[in-house]
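Below is one structure, written out as structure tokens; comments come after it.
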Amino acid sequence: MSSLIYLQGYPAHLLTQVQTLIDQQRLSEVLQKRYPGRHEISSDKALYDYTLDFKNRFMRKAAPLSKVQWDNKIKVMQHALGLHTAISRQQGSQLKAKAEIRISTFFRQAPEPFLRMIVVHELAHLKEKNHDKAFYQLCCHMEPDYHQLEFDARLWMTDQALKGNAA
1 MSSLIYLQGY PAHLLTQVQT LIDQQRLSEV LQKRYPGRHE ISSDKALYDY TLDFKNRFMR
61 KAAPLSKVQW DNKIKVMQHA LGLHTAISRQ QGSQLKAKAE IRISTFFRQA PEPFLRMIVV
121 HELAHLKEKN HDKAFYQLCC HMEPDYHQLE FDARLWMTDQ ALKGNAA
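As numbered in UniProt numbering, the sequence shown has no gaps in its residue numbers, which increase by one up to the final residue, 167.
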């Protein structure tokens with residue numbers, strides 16, 4: 001089960017089911033059936049607009065986003081799926097804060113629900129800094145299938161790694 005590095009922490013019975021799909025060479029087929037195709041969001045501007053739409057729908061009062069972009073320097077194993085940063089700069093006597101979201105370019109080829117899950121996750125960090133109960137409640141408010149999408153995204157990452165597409 002060394003090929004299940006993206007699924008660490010999940011119960012053994014789930015890992016056994018995933019390993020069975022891998023052994024039967026059916027993981028790609030199952031994922032393709034559940035999530036056909038991939039999203040069309042390839043530019044930073046399209047990603048910013050996509051993210052801003054979610055923010056405006058669910059988090060109008062949160063801090064404004066100054067930047068959302070694809071980032072080819074994010075390695076999934078070291079930094080997870082995306083990054084959120086708050087950059088503070090002093091301009092004269094005022095302190096200006098800017099919120100930025102960066103998403104791994106690895107997900108340019110992903111199905112849209114996985115991108116949506118990552119965007120929801122990073123937006124939730126605008127209000128909740130830690131991965132605690134309030135954080136996951138906010139994620140589920142914006143995306144009711146959040147936990148299933150996170151698991152399936154990890155399955156997809158596993159499948160991509162088995163195909164030699166490094167994350």
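Where is the CB? At the ideal position from N, CA and C, for every residue including glycine.
These numbers come from a predicted model, not from an experiment.
- According to the DSSP assignment, Q17 belongs to the alpha helix (DSSP H) that extends over 12 to 23.
- The C-alpha of F54 is placed about 8 Å away from the C-alpha of V120.
- Its chain contains R38, H39, A153, W156 as the residues whose beta carbon lies nearer than 8 Å to that of A110, once the 5 sequence neighbours on both sides are disregarded; these appear in chain order.
- Going by beta carbons, T51 and L123 fall inside the 8 Å limit.
- Assigned with DSSP and collapsed to three states, L65 falls in strand.
- In this structure, W70 keeps its C-beta atom at 8 Å or more from the C-beta atom of D49.
- The three-state reading of DSSP puts K98 in strand, counting E and B together.
- Measuring C-alpha to C-alpha distances from A62 to each of R108, E128, I74, I118 identifies E128 as the nearest.
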